[in-house]
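Everything in the sequence shown is counted per UniProt numbering, starting at 1 for the first residue and increasing by one.
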Amino acid sequence: MSTVKQIQTGYIVKEGSNVKSWKKRWFVFTTDGNISYYTNRQETCKKGEVDMKHAIKVIKVNGKKLMIEIHFDSSRVFRLKFDDEEVEERWYKSFIEFIEDNKTSQNGFSRYEEIDLNNFNIGNTIMQTDKGSVQTVTYTRTQIKYSMKTLLKLTLNSDEIEYIESIHNSLKLSECPYLCRTCLSFQSENLHFVMNEYPTKKLSEIMNSSILPIPRVKFYATELLLAINALHKCNYIHMEINPETVLITEDGHIFLTTPVGLRASYKCGYNYFAPELLEKKQPTAAVDYWSYGILLFAMAFGEAPFYDTNPSTVCKKIISEPINFPYNTFPEVESFVTELLVKDPSKRNCDFEALKFRPFFVGINFDKFQKKEVSLQ
1 MSTVKQIQTG YIVKEGSNVK SWKKRWFVFT TDGNISYYTN RQETCKKGEV DMKHAIKVIK
61 VNGKKLMIEI HFDSSRVFRL KFDDEEVEER WYKSFIEFIE DNKTSQNGFS RYEEIDLNNF
121 NIGNTIMQTD KGSVQTVTYT RTQIKYSMKT LLKLTLNSDE IEYIESIHNS LKLSECPYLC
181 RTCLSFQSEN LHFVMNEYPT KKLSEIMNSS ILPIPRVKFY ATELLLAINA LHKCNYIHME
241 INPETVLITE DGHIFLTTPV GLRASYKCGY NYFAPELLEK KQPTAAVDYW SYGILLFAMA
301 FGEAPFYDTN PSTVCKKIIS EPINFPYNTF PEVESFVTEL LVKDPSKRNC DFEALKFRPF
361 FVGINFDKFQ KKEVSLQ
């Protein structure tokens, strides 16, 4: 762990957060991003602090007074006044440099870089459809590996392009550790989205080797539920959740790919499709919870509940047949999956907050999972 060091110290006049008065305080800005302030230099008890890791921009507002505004992602604005232009410039430069370094450390790119295809070495093709492809790439400046989705503009209309770009912009802001995040986007004659590097192992490989023990099913189910919820917050309905779009990282965690704009075919066929998709109805977020339920069933019992080698038979079963659970199953698994596999999407349990408190998740600390503080035992 790196040692926290001081970047800047000094007296600055700050605006009060509740009462809009101005008071002189001793400030300490450190390399971990904390701006702490005290009544005076000798004081050891903080009056308050702000975290520059959540700052989105810093601007000078120099009129009659020298002032810096720090804007945060929570919409908060932190204002500081200075008496000396040189001192103001020193603090301003430190704030700007920290924000840029923080952005770079998060995704490997600076917001000021002009990026195009020439900045990448193209590697293996991971996925190919008539809409585009996903390839492994290496960013030449840092030698960091990413996956790059390339979508062919000629196959998309203007509304589709706008939708795809809006989803990827939302994915840039997602903090879910189990989701394939977008780091950067740019255009040539096509659309390019630079994303987290894809792990090489698919969940299907693990499922094909054996039926998973229930603690492991719950571990994957927790991470995947968080990923699905994060996707829906980005206004994105996945519609392709299955053992081939769920990958497993080297340290054993879920990595849900985001094939927005690509429509691929998978070995598992229709087995994970919701009834409303097969009936050509307008999809909602409920389709992802159906696929999630099918995946949990398959992990726990070794096979999707409506599995058949004949695609037509699979579709008929999904639309009309009830779920048949194996004899002597786990009650909490059966009740949870049953809530997810309701054929009417309007009656399907798609409430993330409610699902977290089902008996299936007893003993699961979602806050720790959200911070990726839980490992597979």
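All C-beta atoms, glycine included, are put in the ideal place defined by N, C-alpha and C.
Return the chain-ordered list of same chain residues with a C-beta closer than 8 Å to the C-beta of residue i, the five sequence neighbours on each side being excluded.
i           : result
SER74       : HIS54
MET52       : PHE29, GLY33, ASN34, ILE35, ILE70, PHE95, PHE98, ILE99 and ASN102
residue 383 : This structure cannot settle anything about residue 383, because the visible part of the chain is limited to 1 through 377.
Can you grab the Cα-Cα spacing for the pair residue i / residue j, in whole Å?
i      : j      : result
THR309 : GLY269 : 9 Å
VAL50  : VAL58  : 14 Å
SER312 : ILE318 : 10 Å
LEU184 : LYS280 : 34 Å
LEU154 : LEU117 : 18 Å
ASN121 : THR257 : 22 Å
ASP351 : VAL194 : 31 Å
HIS253 : THR245 : 14 Å
ASN169 : ARG181 : 10 Å
LEU277 : LEU295 : 17 Å
LYS145 : LEU179 : 17 Å
ILE241 : ILE56  : 33 Å
LEU262 : GLU160 : 11 Å
GLU165 : GLY10  : 43 Å
PRO213 : TYR327 : 16 Å
Below 8 Å on the Cβ atoms is my guess for residue i versus residue j; work out the distance and round it to an integer in Å.
i      : j      : result
GLU197 : SER147 : 6 Å
VAL217 : MET299 : 5 Å
TYR236 : ILE167 : 5 Å
Given residue i, which residues of its chain have a CB within under 7 Å of its CB, disregarding the five upstream and five downstream residues?
i      : result
ASN124 : GLN135 and THR136
LYS368 : VAL374
MET207 : PRO243, ALA298 and MET299
LYS131 : LEU151, LEU152, THR155, GLY261, LEU262 and ARG263
Mind checking which residues open and close the alpha helix (DSSP H) that includes residue i?
i      : result
VAL314 : 311-320
LEU123 : Reading off the sequence, residue 123 comes out as Gly, not Leu. Where GLY123 is concerned, there is no enclosing alpha helix (DSSP H), although the beta strand (DSSP E) it sits in stretches over 120-128.
GLY132 : Unbroken run through GLY132 is the beta strand (DSSP E), 132-139; no alpha helix (DSSP H).
VAL337 : 331-340
LEU191 : Segment 191-195 is the beta strand (DSSP E) holding LEU191; no alpha helix (DSSP H) there.
TYR307 : Unbroken run through TYR307: none, as it is neither H nor E.
Which residue marks the beginning of the beta strand (DSSP E) containing residue i, and which one marks its end?
i      : result
THR150 : 144-151
ILE254 : 254-256
GLN282 : Unbroken run through GLN282: none, as it is neither H nor E.
GLN187 : 182-187
Could you pull out every residue in the same chain whose Cβ sits closer than 6 Å to the Cβ of residue i, ignoring the five residues on either side in sequence?
i      : result
LEU224 : ILE254
Fully enclosed by the UniProt domain "PH" (5-100), which beta strand (DSSP E) runs are 3 residues long or longer? 6-15, 22-30, 34-38, 48-51, 55-60, 66-72 and 77-82
Please give the ranges of any alpha helix (DSSP H) in the region 206-266, keeping only runs that are unbroken, at least 4 residues long and fully inside the region. 214-233
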